[in-house]
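Visitor: Numbering (the numbering used here), first residue to last: 10 to 423.
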């Protein structure tokens, strides 16, 4: 080992969940480190180019998610384009783009995230890969990492796994869940004369989003001809699974989606509609766009059709971004492992959920909300000398309310 360092709270993963967790832990007075394997903060939202900050309201004029989730929504358009719909409070049954949400420039949002962490005093380690976990006396006590300095250990009193793939939890032997993923590729594209596209009209003339999606039900934005060139049929696509991916699976997934894009441009140029100077790939994602890699087997696993369900240990509310009027309470028990391993909380896509419920918990507002809750719970666990699962929920809820959270549906009139 080349180095050994110690912190109060160590957050693994610099996506939106990790940023929120680190901000809250640092603002709670804890010496905090944020570890990110790439050079860019924001995860799928930024380096993954999925640049839609999904709604934090229910589509009927009620804001349901608050705190850092709202703070980061506003920060995403602080130094670049994007607008919050002015009339969102007066909408009923509103479609997603008319709700309290926005699109943003990924690069501009990254700059705002850098600034927020710097102002909070978070020690940020970029280009640092988690290789293993140190488990002592039934609790996570350290993360083995590697970067240009060599391989070393980051020890902390509490850890938050916000990696999107439960990398620290899995290395610590904590049971995790996985589900099937679709092939998907979001890219930025230059297309001469393009403007006023629904998702991208705020990013400026000639810059658009290109999306190739091969959905789990076999439907696809990719043509039959392109699928065939990439070795797929509609049926084989439907039968294929990307789940519990190995390192080589990740490479194959990324190369396959990029092949879809390459064949798309070949087909486009051959048609004569555009040429290589009037339409081309402007920016590719630098993280795999898998949505459901792993989540922890939590003390409770959120399940389908549990929207509008009251949980006594709720730590906040989330709206379903796909359909108005569906609001979820998120139990604190989804943030820590069921097997009793101490020293670790999960945030964002790593929190315990399954099926359609995981579709709700994997997106930006959930990442920010559960990240903030995990950061606060980690700080409280340190103050109380307890493990995360022993933190009194009533105390955690009291502190979250003090940060502006709505805890139960009744708090927002539902």
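Just so it is clear, CB atoms sit at the ideal spot from N, CA and C, and this is done for glycine as well.
Since we're looking at a predicted model, the values are computed, not measured.
Which runs of the alpha helix (DSSP H) fall wholly inside the stretch 315 to 372 and span at least 4 residues, in chain order?
Guide: Correct list: 364 to 370.
Visitor: Please work out which residues of its chain come closer than 6 Å, Cβ to Cβ, to residue 294, disregarding the five sequence neighbours upstream and downstream, and give them in chain order.
Guide: The sequence position of residue 294 within the chain shown is 285, counting from 1. Only 57, 58 meet the Cβ criterion.
Visitor: Using the three-state DSSP reduction, which class does residue 381 fall into: helix, strand or coil?
Guide: Position 372 of the chain shown holds residue 381. Residue state, collapsed to three classes: helix.
Visitor: Secondary structure at residue 24, three-state DSSP: helix, strand or coil?
Guide: Here residue 24 refers to the residue found at position 15 of the chain shown. Residue state, collapsed to three classes: strand.
Visitor: Look up residue 168 in the DSSP assignment and give the residues it is bridged to.
Guide: Walking along the chain shown from the start, residue 168 turns up at place 159. 19, 353.
Visitor: Report the CB separation of residue 335 from residue 75 in whole angstroms; it is logged as a contact under 8 Å.
Guide: By 1-based counting over the chain shown, the position of residue 335 is 326. By 1-based counting over the chain shown, the position of residue 75 is 66. Rounded, the Cβ-Cβ distance is 18 Å, inconsistent with contact.
Visitor: Leaving out the 5 sequence neighbours to the left and right, which residues in its chain are closer than 6 Å to residue 260 when beta-carbon positions are compared?
Guide: Here the question's residue 260 lines up with position 251 in the chain shown. If we look at residue 260 and ignore the five residues flanking it on each side, it has no Cβ neighbours.
Visitor: Classify residue 370 as buried or exposed, calling it buried when 16 or more other Cβ atoms lie within 10 Å of its own Cβ.
Guide: On the chain shown, position 361 is the one that residue 370 refers to. The residue in question, residue 370, is buried, as its Cβ has 16 or more Cβ neighbours within 10 Å.
Visitor: Using the C-alpha atoms, what's the distance from residue 397 back to residue 351?
Guide: Position 342 of the chain shown, counted from the first residue, corresponds to residue 351. Position 388 of the chain shown, counted from the first residue, corresponds to residue 397. Looking at the two C-alpha atoms, the distance is approximately 7 Å.
Visitor: What separation, rounded to the nearest whole angstrom, lies between the Cα atoms of residue 346 and residue 305?
Guide: Counting from 1 along the chain shown, the entry for residue 346 is found at position 337. Counting from 1 along the chain shown, the entry for residue 305 is found at position 296. Their backbone Cα atoms lie some 6 Å apart in a straight line.
Visitor: Specify the secondary structure class of residue 118 as computed by DSSP and reduced to three states.
Guide: Counting from one through the chain shown, the residue named residue 118 turns up at place 109. Of the three classes helix, strand and coil, the one that applies to residue 118 here is helix, per DSSP.
Visitor: Is the beta carbon of residue 45 closer than 8 Å to that of residue 137?
Guide: Numbered from its first residue, the chain shown carries residue 137 at position 128. Numbered from its first residue, the chain shown carries residue 45 at position 36. Going by C-beta atoms, residue 137 is nearer than 8 Å to residue 45.
Visitor: Using DSSP's beta-bridge definition, name the partner residues of residue 134.
Guide: Position 125 of the chain shown holds residue 134. In the DSSP output, where bridge partners are listed per residue, residue 134 has 44.
Visitor: Secondary structure at residue 207, three-state DSSP: helix, strand or coil?
Guide: As a working mapping, residue 207 is identified with position 198 in the chain shown. Low per-residue confidence applies at residue 207: pLDDT is 43, beneath 50, and the placement is therefore not dependable, though the value from the model is reported in the following sentence. It is coil, neither helix nor strand.
Visitor: Does DSSP put residue 78 in a helix, in a strand, or in coil?
Guide: The residue given as residue 78 occupies position 69 in the chain shown. If DSSP states are grouped into helix, strand and coil, residue 78 belongs with the helices.
Visitor: Compare the beta carbon distance of residue 31 and residue 126 with 8 Å and say whether it is the shorter of the two.
Guide: The residue you call residue 31 lines up with position 22 of the chain shown. The residue you call residue 126 lines up with position 117 of the chain shown. Yes, the Cβ-Cβ distance between residue 31 and residue 126 is below 8 Å.
Visitor: Within the chosen definition, does the stretch 251 to 269 reach the stretch 175 to 195 through at least 3 CB pairs nearer than 8 Å?
Guide: The stretch 251 to 269 is in contact with the stretch 175 to 195.
Visitor: When the Cα atoms are used, what is the spatial distance from residue 320 to residue 338?
Guide: For the purposes of this step, residue 320 is identified with residue 311 of the chain shown, where counting begins at 1. For the purposes of this step, residue 338 is identified with residue 329 of the chain shown, where counting begins at 1. C-alpha separation (whole angstroms): 7 Å.
Visitor: Does the stretch 323 to 331 come close enough to the stretch 400 to 417 that 3 or more CB-CB pairs lie under 8 Å?
Guide: Contact between the stretch 400 to 417 and the stretch 323 to 331 is present, because at least three Cβ pairs lie under 8 Å.
Visitor: Assuming residue 181 contacts residue 353 under a Cβ cut-off of 8 Å, what Cβ separation, rounded to an integer in Å, is found between them?
Guide: One-based indexing of the chain shown puts residue 181 at position 172. One-based indexing of the chain shown puts residue 353 at position 344. Rounded, the Cβ-Cβ distance is 7 Å, consistent with contact.
Visitor: Hey, residue 171 and residue 359: beta-carbon distance below 8 Å or not?
Guide: In the chain shown, counting from the first residue as 1, residue 171 sits at position 162. In the chain shown, counting from the first residue as 1, residue 359 sits at position 350. Their beta carbons are under 8 Å apart, which means residue 171 touches residue 359 by this criterion.
Visitor: So what does residue 155 bridge to, in DSSP terms?
Guide: Indexing the chain shown from 1 puts residue 155 at position 146. BP columns for residue 155 point to 138, 160.
Visitor: Report back the beta-carbon spacing between residue 27 and residue 380 to the nearest angstrom; my notes put them in contact at under 8 Å.
Guide: Here residue 27 corresponds to residue number 18 of the chain shown, with the count starting at 1. Here residue 380 corresponds to residue number 371 of the chain shown, with the count starting at 1. With a Cβ gap of about 6 Å, residue 27 and residue 380 count as contacting.
Visitor: Thinking just about the alpha-carbon of each residue, which of 52, 103, 89, 119 is nearest to the one in residue 71?
Guide: Here residue 71 corresponds to residue number 62 of the chain shown, with the count starting at 1. Among 52, 103, 89, 119, the Cα nearest to that of residue 71 belongs to 103.
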